[in-house]
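Structure first, then comments.
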Amino acid sequence: MAFHRRKSTIWLTAAAAAMALVAGGATVVAISSSDGTALADGPDKSLFVDITKVKANVKKPKPENDATTGTFTVDCGRNENGHFNPDNFIAQPGVRNGAEHLHDYVGNLSTNADSNNKSLQAAGTTCKNGDKSAYFWPVVRIVDEEAEEAGAGEEAEAGEEQQEQAPPKKDDKAQQDKDKADKAEARLECPDVASRLPENVPNAAQAEIDRELGNLEKVTDEAEKRLEQVKAQDVNNIIVGPTREKRAAILNRMMLAFSRQGQQAPDLNPAAACTVKEAGQASKAGNGAENNDDAQAEGTEDKKNQNNAEENANNELEGNEGEIQRPAVVDLQFRGSPTGKVVAMPKFLRVLYGDAKAGQNGPKNAKASWTCTGFEDKVLMDKYPICPQNSKVKRVHDFPSCWDGKNIDSANHRDHIVFPDQNGKCKNGFKAVPQLRISLTYNIPQNVQKEGRYLVDSFPEEEHNPITDHDDFANVMSQQIMNRLVNCVNTGKKCRE
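Counting the sequence shown from 1 gives a position; my numbering is that position plus 307.
Structure below.
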């Protein structure tokens with residue numbers, strides 16, 4: 308099936324067009340006409356750079372003596388089930404087509420504009436180990452203006468390739484109906500426990516701690532379900548009190564597990580008590596806050612786009628058209644810190660990488676993430692790479708990993724979790740958590756690279772600028788999985804699940 312590039316598209320705004328994009332010593336300035344329209348159709352070909360001509364620019368912090376070198380890799384597939392939508396429940400909660408570009412999803416199966424903690428927890432997942440986290444990024448497409456002139460044989464070949472790269476979109480009406488039913492936020496809020504555990508859980512206590520973390524989640528989930536059938540005046544007696552007692556008993560067993568190994572037990576008692584919100588009430592708990600309309604990322608649009616998604620059967624959107632390229636490899640890996648031990652991420656933590664509107668907002672939050680296989684440790688660019696023979700186009704997204712120790716989100720979705728400094732150290736008041744690296748490898752034909760015909764989806768006004776590459780993550784791992792993750796990272800193991 309032929310896909311076509313939109314004609315007479317809008318390039319960067321005049322202010323953004325004047326901004327120089329620098330990577331590997333090369334400087335490119337995007338130029339537009341006085342009225343903001345493009346001087347040429349599509350992105351500037353100079354945004355496609357031969358990576359072999361770019362100087363090495365990747366610098367790694369020098370590991371300290373107590374650096375954590377373990378890794379924990381999660382297998383969540385390559386979006387074989389075709390889970391796409393132009394939503395972003397982190398930056399644009401409740402807004403359909405809030406992103407105005409298509410996202411690839413792996414992990415949580417229910418992720419859309421209406422997702423919240425409750426719906427994410429209730430959903431299934433593509434991850435083999437049961438991780439329900441949401442991982443999503445803008446798709447990459449190949450555009451072809453000459454497709455109409457292609458012969459029948461070429462069309463058949465392209466169709467066969469498309470079947471591998473992007474399977475037909477499935478009917479997700481049943482899932483959408485379920486999402487609507489789950490849209491009501493969870494009302495029972497209980498403190499996260501995995502993030503309160505010390506960095507060095509004794510190996511002999513790991514199995515017991517892991518089991519009790521599972522018991523905590525079971526008790527909490529059962530209480531949330533019962534809450535729906537309990538009258539308001541009975542909530543404290545039937546839900547809050549008994550849940551606190553059950554959690555206190557579990558936490559006490561966890562503290563004893565530390566003591567039996569001759570280690571001072573952490574004080575987990577404050578995590579026993581849960582609170583209940585009134586229906587529709589915004590959360591007050593720092594590590595349980597839901598998204599709200601005031602929590603918008605920099606440069607996002609308002610709800611005017613709610614009913615303006617011009618999506619068709621081919622998953623094309625206005626300004627984002629072409630053949631979707633499913634990654635050949637999706638690697639989701641959590642890593643340690645070069646300066647010491649890491650602590651657990653709290654459940655439902657939201658984390659952003661990059662800036663989808665870097666052309667308008669400036670480069671402050673933009674990240675150079677484009678490279679080629681074999682060059683990952685040498686060159687990262689904010690331009691599209693042209694790779695040598697036998698090398699593949701790759702995106703590398705290293706997420707921020709210094710958490711404020713309190714909040715799962717913040718008004719701009721960035722202040723609660725930030726990047727370490729150039730030496731890998733977190734600033735005062737912040738704790739190192741496992742750093743997520745998402746690596747995406749693509750089979751982009753070399754002639755397509757040289758012709759400048761592969762593009763990342765973007766907001767229309769950003770015109771597929773590679774500097775707008777970004778990624779999103781919401782942690783919905785069980786406390787058990789997160790405990791295993793931290794243990795692997797802190798003990799130098801290489802774990803795969």
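Every residue gets a Cβ at the ideal spot worked out from N, C-alpha and C, and that includes glycine.
Output the distance between the C-alpha atoms of residue i and residue j, rounded to the nearest integer angstrom.
i, j, result
"E529", "L656", "22 Å"
"N714", "M652", "10 Å"
"F499", "N622", "Looking at the sequence provided, one finds Asp at residue 499 rather than Phe. For D499 and N622, the distance between alpha carbons rounds to 38 Å."
"T375", "G799", "6 Å"
"T748", "T680", "8 Å"
"K654", "S566", "26 Å"
"M784", "N735", "27 Å"
"M789", "L743", "13 Å"
"N730", "N543", "49 Å"
"V796", "R642", "6 Å"
"K425", "V526", "15 Å"
"E524", "V537", "20 Å"
"W444", "Q568", "43 Å"
"E758", "F396", "35 Å"
"V650", "N719", "23 Å"
"D517", "Q786", "8 Å"
"F379", "V793", "8 Å"
"E535", "A572", "36 Å"
"G401", "D728", "34 Å"
"A580", "G521", "17 Å"
Taking only three categories from DSSP, how would you classify residue i?
i, result
"T550", "helix"
"R533", "helix"
"Q571", "coil"
"C694", "coil"
"V700", "strand"
"T380", "strand"
"G431", "coil"
"F655", "coil"
"E496", "strand"
"N507", "coil"
"K415", "The residue you asked about is not Lys; residue 415 is Asn in the sequence shown. Residue state, collapsed to three classes: strand."
"R642", "strand"
"V637", "strand"
"G389", "coil"
"Q804", "Correcting the residue identity first, residue 804 is Glu in this sequence and not Gln. If DSSP states are grouped into helix, strand and coil, E804 belongs with coil."
"R448", "strand"
"L747", "strand"
"K738", "strand"
"L409", "coil"
"I788", "helix"
"A441", "strand"
"V649", "coil"
"T798", "coil"
"D526", "The sequence given here has Val at residue 526, not Asp. It is helical."
"D517", "helix"
Please classify residue i: is it buried, with 16 or more other beta-carbons within 10 angstroms of its beta-carbon, or exposed?
i, result
"E496", "buried"
"D451", "buried"
"T646", "buried"
"V636", "exposed"
"R803", "exposed"
"D684", "exposed"
"N404", "buried"
"K439", "buried"
"K664", "buried"
"T550", "buried"
"A363", "exposed"
"K701", "buried"
"G629", "buried"
"K532", "exposed"
"V510", "For the sequence presented, residue 510 should be read as Asn rather than Val. Exposed, since its Cβ has fewer than 16 Cβ neighbours within 10 Å."
"T678", "buried"
"E770", "buried"
"D574", "exposed"
Assuming residue i and residue j make a contact with CB atoms under 8 Å, what is their CB distance in whole Å?
i, j, result
"N388", "T433", "7 Å"
"D270", "L409", "For the chain, the structure presents residues 308 to 804; residue 270 sits outside this window and is missing."
"P741", "S708", "7 Å"
"E519", "R560", "6 Å"
"L762", "V447", "7 Å"
"H704", "D778", "4 Å"
Measuring CB to CB, does residue i end up less than 9 Å from residue j?
i, j, result
"N392", "N423", "no"
"K674", "F355", "no"
"F780", "A441", "yes"
"S676", "D776", "yes"
"Q696", "Q753", "yes"
"L563", "N576", "no"
"L659", "F726", "no"
"S417", "G437", "no"
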